[in-house]
Structure formats: C-alpha cells, structure tokens
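Heads up, the sequence shown is in my numbering, so the first residue is 388 and it goes up one at a time.
Even for Gly, the Cβ is constructed at its ideal location relative to N, Cα and C.
Predicted model only: the values in this text are computed from it and were never measured.
Structure first, commentary second.
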Amino acid sequence: AAAAGGWRARRRRRRGRGRGEEKEEDDDEEEEGEDGPGTEAVLRRLREARDDLLSSGFWAASAGAVRAPLSGTAEPPARCVCYGLGRFGRCPAARYQLAFLLLLLDELRVPPARCALFDPAFSAREAAALRALGLCLLPENEEGKRGVDGAATLFYMVHCGKALYNNLLWSNWSPAALSKLVIIGNSFRGIEERLLSRILERDYSYIAKVLKGVEEVALPSHPRYLDTFNDTSVHWFPLDKLQELSPEVWDFVEEPMYQDCEDLEIIRKGEE
388 AAAAGGWRAR RRRRRGRGRG EEKEEDDDEE EEGEDGPGTE AVLRRLREAR
438 DDLLSSGFWA ASAGAVRAPL SGTAEPPARC VCYGLGRFGR CPAARYQLAF
488 LLLLLDELRV PPARCALFDP AFSAREAAAL RALGLCLLPE NEEGKRGVDG
538 AATLFYMVHC GKALYNNLLW SNWSPAALSK LVIIGNSFRG IEERLLSRIL
588 ERDYSYIAKV LKGVEEVALP SHPRYLDTFN DTSVHWFPLD KLQELSPEVW
638 DFVEEPMYQD CEDLEIIRKG EE
C-alpha cells in the first residue's frame, strides 16, 4: 500500500492552458525565498525522497521493526503525533524522515488527518506543504506532554531531545496508558549506555524507570541514511511487562522540571 501512495497536493489549474495541458507546479517555476523552496517544490522533493527510500530497500528492510509492536496483542495505532521534524524544505535528512513517516502512515493505515505535527522551526511554506498533504499542525509547543487519552498512538520523534521522551512518558505514567504508546525515536538502550546512571535517574527519571518495561527494535543500518536514522528504534510497552514492575515505580509522578540539567536539548514553551 505504501509504495502506491502519490502524496500529491490538489492540482491547481493554470489559466490560459488548453484542455489536457494542466500540470502540477514544479520548483523549476518557483523562486526560492527566505523560507526555502516553494510548496510544490517541497512536495516534489518529498516524492523523490519517498522513491529513494523504496528503491534503496531501506523501507522494506525497516518493515519488520515497524510491524514489531503489532506482532502480539498490541492495539494498532489510531493516530500519530510527530515532534521535532525540522526544516524538511531545506534539510535532506528531515525530508527523508518525513517521507518515512508518510510511508509509515500508509503501512499502518492511519489517515493523514489523524497525524499532527509540531516543530517551532517550520516555515510558512513548510506548514503549507504539510497541510497540502492532509496533515494537521499542533497550535502550540506541548514539550512532549501529551496523554494518549485511551487511544493507541504512534509518536514519531526521530533525533529529539531526551527531555521530550521523558515528558511524554510522564504524561502517560500508568501501565494502561503506556501500553497504548509506540515511540519511534532515539534508542532508549542507547540513552542508557551513553549517560551516567545518576544523570539518567536525576534528569530523565521516567526513561530510567521504564527501561525494564519497554521492548525495542532498531531500524536497520543503511549506508545511504547513516545520519538520518542512526540510533533510531521502535519502542513499545507491553502491558504484561509493565505490570511486572514494582508498584513503587508508579507512585512518583512529579512533573519533570530539569533544574539541574545543563543541556536540555529541547525548546521550552515560550522560547520559540
């Protein structure tokens, strides 16, 4: 299903053209302004990125990891939230990450209208491109503090700051809520390996506490996308594993403040 997707914005008819001469506007006909390439140019480059992901075999190789959370009794995601995508109009890595997300929505049969994105860096043209694809834009910076409210939700957070994952976990800190999360983003195992345990437990306590309750499958390594999807894994939280954790794990639900954190890696609300 994914390979057949067109990802085209609505066609716009050009005045003065005869019947059969309608065509989609292309970046050859649009000037690049301060916001980056025009909307149609962004969409064309996005289709090219999609084609690259398919022809390189990376998408096919990633399918096992993408489907892993659904191999058991997990409920398939009904919606998706994407944080921290970046300037995909200008940055090839961000563009490939968006192309991967769109393939993912096709694979999981999540309608674009049920996928919401936020990045304070989006330009007006990038926001227009996302709307043309049928995607939604979140109105404000949530800092990752979004509860699933009982609906199975995929969070797409490639190369986001650790605090964003920690905030998301805090916002869903119960076995019932966490079991409805799938997170595609920085490897939790990698975070554990790279951080001193006292720093992990002090600054990112919810990541630290959930490590024994998470399943993780890494996206495959591919020489073409080393900087685009490196250290990226699919994470999910089986209910039976969460219920095996100590009851005390669920007692402490204080909101993370990061007062002692020297390098927060996220943009706080109001700092955009």
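Just how far apart, CA to CA, sit S574 and D614? Distance between the alpha carbons of S574 and D614 is about 14 Å.
Can you grab the Cα-Cα spacing for the pair A481 / V601, in whole Å? A481 and V601: Cα-Cα distance of roughly 26 Å.
Between A503 and the rest of its own chain, which residues show a CB-CB distance below 6 Å, the 5 nearest in sequence each way excluded? Non-local C-beta neighbours of A503 in its own chain, meaning closer than 6 Å and more than five positions away in sequence, comprise V468, C523 and L525, ordered along the chain.
As assigned by DSSP and simplified to three states, the class of L524: For L524, the three-state secondary structure derived from DSSP is strand.
Checking the sheet assignment: what are the DSSP bridge partners for G572? Its beta-bridge partners are M544 and S620.
Taking DSSP as the reference, what is the three-state secondary structure of Y552? Correct three-state label for Y552: helix.
Please name the residue in R434, T426, A448 and P463 whose C-alpha comes closest to that of S608. Put simply, of R434, T426, A448 and P463 the residue whose alpha carbon is nearest the alpha carbon of S608 is A448.
Can you name, in chain order, every residue of its own chain whose Cβ lies under 7 Å from the Cβ of L433, other than the five neighbours on each side? Correct list, in chain order: W394, R482, L485 and A486.
Taking 7 Å as the threshold (C-beta atoms), are N559 and V535 in contact? Going by C-beta atoms, V535 is nearer than 7 Å to N559.
Coarse secondary structure for A465, derived from DSSP in three states: A465: coil per DSSP, three-state reduction.
Look at P498 and L520 and say whether their C-beta atoms are less than 7 Å apart. Contact: no.
Please tell me whether Y612 and A550 are closer than 7 Å, where the distance is taken between their beta carbons. No; because the gap between Cβ atoms is not below 7 Å, this pair is not in contact.
Please report how far the alpha carbon of A516 lies from the alpha carbon of E530, in whole angstroms. If you draw a straight line from the Cα of A516 to the Cα of E530, it is about 23 Å long.
What is the DSSP secondary structure of F475, counted as helix, strand or coil? Coil.
Give the DSSP bridge partners of L724, in chain order. A query on residue 724 cannot be resolved here, the shown segment of the chain reaching from 388 to 659 and no further.
Helix, strand or coil for E588? Go by DSSP, reduced to three states. Secondary structure at E588: helix, using DSSP grouped into helix, strand and coil.
Are the beta-carbon atoms belonging to W637 and P456 less than 7 Å from one another? Contact: no.
Residue range of the beta strand (DSSP E) that E603 falls in? Run containing E603: E602 to A605, per the beta strand (DSSP E) assignment.
Nearest CA to the CA of D647: which residue from V604, E603, S566 and L587? Closest by C-alpha distance to D647, out of V604, E603, S566 and L587, is L587.
Is L472 near D506, with beta carbons less than 7 Å apart? Cβ distance < 7 Å, so L472 and D506 count as in contact.
Looking at the secondary structure, which residues open and close the alpha helix (DSSP H) in which G451 lies? From DSSP, the alpha helix (DSSP H) with G451 extends over F445 to R454.
Per DSSP, what kind of secondary structure is K532 in: helix, strand or coil? Note: K532 maps to coil in three-state DSSP.
Look at the Cβ atom of F616, then the Cβ atom of L606, and state whether they are nearer than 7 Å. The Cβ-Cβ distance between F616 and L606 falls below 7 Å.
DSSP on R496, reduced to helix/strand/coil? R496 falls in the coil class under three-state DSSP.
With DSSP run on the structure shown, which of helix, strand or coil describes F487? Collapsing the DSSP output to three states places F487 in a helix.
DSSP on D650, reduced to helix/strand/coil? Coil, per DSSP.
For a test of the three-state rule: what should DSSP assign to D627, helix, strand or coil? When DSSP states are grouped into helix, strand and coil, D627 belongs to the helix group.
Inspect the beta-carbon positions of A452 and V569 and report whether they are closer than 7 Å. The answer is no: Cβ separation not under 7 Å.
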